[in-house]
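One point on numbering: in full-length UniProt numbering, the residue at position 87 of the sequence shown is 87, and numbering is uninterrupted.
Quick notes on the structure that follows.
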Amino acid sequence: ISDNFFDVVVGNVPFGDYKVFDPKYNKYNFRIHDYFLAKALDQVRPGGMVAVITTKGTLDKANPAIRKYLAERAELVGAVRLPNTAFKDNAGTEVTADILFLQKRERKIDIEPDWVHLGVTENGIAVNSYFAEHPEMMLGSMEYDTRIYGRDSRYTVCVNNDENFNMYEAL
Numbered sequence: 001i002s003d004n005f006f007d008v009v010v011g012n013v014p015f016g017d018y019k020v021f022d023p024k025y026n027k028y029n030f031r032i033h034d035y036f037l038a039k040a041l042d043q044v045r046p047g048g049m050v051a052v053i054t055t056k057g058t059l060d061k062a063n064p065a066i067r068k069y070l071a072e073r074a075e076l077v078g079a080v081r082l083p084n085t086a087f088k089d090n091a092g093t094e095v096t097a098d099i100l101f102l103q104k105r106e107r108k109i110d111i112e113p114d115w116v117h118l119g120v121t122e123n124g125i126a127v128n129s130y131f132a133e134h135p136e137m138m139l140g141s142m143e144y145d146t147r148i149y150g151r152d153s154r155y156t157v158c159v160n161n162d163e164n165f166n167m168y169e170a171l
């Protein structure tokens with residue numbers, strides 16, 4: 001399938017810590033979920049939308065390479081951070097994930113909007129600046145994950161009560 005083919009891409013990106021061999025993307029050194037995001041965006045026509053579920057790492061990791069790649073090619077229309085229990089019942093996993101909404105630009109531009117970089121929450125947790133500026137888009141409260149190694153740099157979004165988990169309101 002050629003680039004600029006689809007009007008919309010909707011998906012749940014594959015999670016994993018490995019690379020995919022693709023001559024077009026090898027130079028970026030993307031892991032599987034970043035590769036999927038880049039390829040999905042490239043295959044959407046200008047003005048088209050990409051809506052995907054991805055790990056919090058896409059927006060929060062220290063290396064901004066995938067965010068820079070996306071920002072040059074798309075506008076971040078919005079993002080919603082899901083609680084770590086969002087997939088517990090149907091997938092048996094507890095992982096903090098984000099839903100990203102991107103609209104492809106007409107052409108690639110050299111830009112670094114705030115969401116390419118990290119910010120800090122009120123309680124000192126480093127997160128993507130989008131969530132630092134829009135805490136209402138996190139469906140729960142940010143808490144350090146202390147289950148394994150004590151106070152760790154990892155964190156989760158924990159639901160305080162059912163009122164905080166309002167996906168319809170966030171969207």
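Virtual Cβ for every residue (Gly too), placed ideally from N, Cα, C.
Where the beta strand (DSSP E) through residue i begins and ends
i	result
threonine 55	44–55
lysine 61	Counting along the chain, lysine 61 falls outside any beta strand (DSSP E), and DSSP gives it neither H nor E.
isoleucine 99	97–104
arginine 81	74–81
Residue from the options with nearest C-alpha to residue i
i	options	result
glycine 47	Val13, Lys108, Thr121 and Asn123	Lys108
glutamate 112	Thr55, Val52, Ile1 and Lys68	Lys68
lysine 104	Asn12, Arg73 and Val127	Arg73
histidine 134	Ala79, Pro23 and Asn123	Ala79
phenylalanine 30	Thr96, Pro23, Ile66 and Gly11	Ile66
aspartate 98	Gly57, Asn123, Ile125 and Val50	Gly57
Cβ pair residue i, residue j closer than 8 Å
i	j	result
threonine 121	methionine 142	yes
arginine 45	aspartate 17	no
valine 52	alanine 62	no
aspartate 114	serine 129	yes
Buried versus exposed, by CB contacts within 10 Å (16 or more), residue i
i	result
proline 83	buried
phenylalanine 21	exposed
alanine 91	exposed
aspartate 89	exposed
glycine 124	exposed
Close-in-space but distant-in-sequence residues of the same chain around residue i (CB under 7 Å, 5 per side omitted)
i	result
phenylalanine 15	His33 and Thr55
threonine 93	Phe87
serine 153	Summary for serine 153: the model assigns pLDDT 44, below 50, so the residue's position carries little reliability, and this model does not support an answer.
Same chain, Cβ closer than 8 Å to residue i, five either side skipped, listed in chain order
i	result
glutamine 43	Ile1, Ser2, Asp3, Asn4, Phe5, Phe6 and Val9
isoleucine 70	Before going on, a small fix: residue 70 reads as leucine here, not isoleucine. Excluding sequence neighbours, leucine 70 sits near Leu37, Ala38, Leu41, Leu76 and Leu102.
tyrosine 25	Tyr35, Ala38 and Lys39
methionine 49	Asp7, Val8, Val9, Val77, Phe101, Leu102, Gln103 and Lys104
Cβ neighbours of residue i in the same chain (closer than 6 Å, five flanking residues each side left out)
i	result
aspartate 60	Val127 and Asn128
proline 64	Val116
arginine 119	The residue asked about is misnamed: residue 119 is glycine in this sequence, not arginine. Within the same chain, glycine 119 has close Cβ partners Ser129 and Ala132.
tyrosine 28	none
Boundaries (first-last residue) of the alpha helix (DSSP H) holding residue i
i	result
phenylalanine 131	129–133
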